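Residues in the sequence shown are numbered from 412 upward in steps of one, following the working numbering.
C-beta: ideal position from N, C-alpha, C; glycine also.
This structure is a prediction, so every number in the text was calculated from the model and none was measured.
Working notes, beginning with the structure itself.
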Amino acid sequence: MADKKPEKEPAAPDDGETTEAAPRRFAGIFTIVKAMAFIAVIVVVEVVAASILIPSAQDTERLAQQYVAAGEGHSAPTGHGESDDHGKHGHGEDVNEIEMGTFNVTHFNPATNTTLSIDFELFGAVLAKDSAEFHHHFEKNKIRVREQIIMILHGAESKNLSDAGLGLIKRQILEKTNRALGQPLLREVLFSKFNFVER
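Structure follows, in structure tokens:
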């Protein structure tokens with residue numbers, strides 16, 4: 412009978428295996444660091460974009476005064492009482508309605524597979540004393556103003572377009588138009604024959 416060979420003892424781990432574990436651990440940590448750096452870059456980009464798009468405190472206060480003044484001017488039964496440049500009521504100041512153009516905007520939304528068709532005439536309410544200055548700035552920046560209005564409507568949602576007073580759309584057009592004109596000459600925007608169809 413042959414002698415039984417002793418079974419092989421499991422080999423002790425050599426230094427090669429322990430050195431392989433260290434790079435694996437280092438690679439795992441490096442992956443986590445890369446992911447955190449990527450997330451940090453995204454957060455920084457979002458913060459920068461938000462700081463560019465969000466209006467400053469001065470812009471917000473100025474626009475709030477304009478909106479309040481425009482709303483108070485509507486409630487005055489005589490048609491007077493529109494606000495002056497400081498947001499206070501002026502006495503005996505007339506307001507002129509100035510035609511700003513006819514718009515036909517069609518916008519396709521691939522997310523909902525729908526097409527919005529919007530048609531309207533736009534008028535602006537301007538203090539009579541500012542009419543000549545408004546005409547000058549409006550003619551000089553007509554294309555820019557028109558582009559801003561079209562961009563607002565392209566970005567509008569159906570719920571904002573179906574709002575009875577079109578409050579959000581009016582506020583956006585008022586803000587963008589005054590910004591394009593370089594001065595808050597426009598007091599209010601008014602729609603005539605506003606129609607929109609979603610297909």
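Would you call residue i buried or exposed, if buried means 16 or more other Cβ atoms sit within 10 Å of its Cβ?
i	result
P521	exposed
I580	buried
Q583	buried
A451	exposed
A556	Before going further, note that residue 556 is Val rather than Ala in the sequence given. By the 10 Å Cβ count, V556 comes out buried.
Measure the C-alpha to C-alpha separation of residue i and residue j and round it to an integer number of angstroms.
i	j	result
L585	G512	14 Å
A529	L601	Note that residue 529 is Ile in the sequence shown, not Ala. Approximately 15 Å between the Cα atoms of the pair.
K570	E504	36 Å
A446	I440	10 Å
N524	E568	14 Å
V458	V444	21 Å
K551	P595	15 Å
A575	N606	12 Å
L577	V456	32 Å
A460	R436	37 Å
S573	I463	29 Å
A438	F449	16 Å
H518	V454	31 Å
H547	G593	12 Å
Just to confirm, is the Cβ distance from residue i to residue j under 9 Å?
i	j	result
R610	T526	yes
Q559	A591	yes
S603	F534	yes
I509	V537	yes
H565	V608	no
N507	S542	yes
Mind reading off the beta-carbon distance from residue i to residue j? Whole number of angstroms is fine, and I expect it under 8 Å.
i	j	result
F531	F549	Actually they do not touch by this definition, with Cβ atoms about 18 Å apart.
D561	K587	The amino acid occupying residue 561 in the given sequence is Ile; Asp does not appear at that position. No, I561 and K587 are not in contact; Cβ-Cβ is about 11 Å, not under 8 Å.
Hey, which unbroken runs of the beta strand (DSSP E) at 3 residues or more fall wholly within the segment 531-592? none
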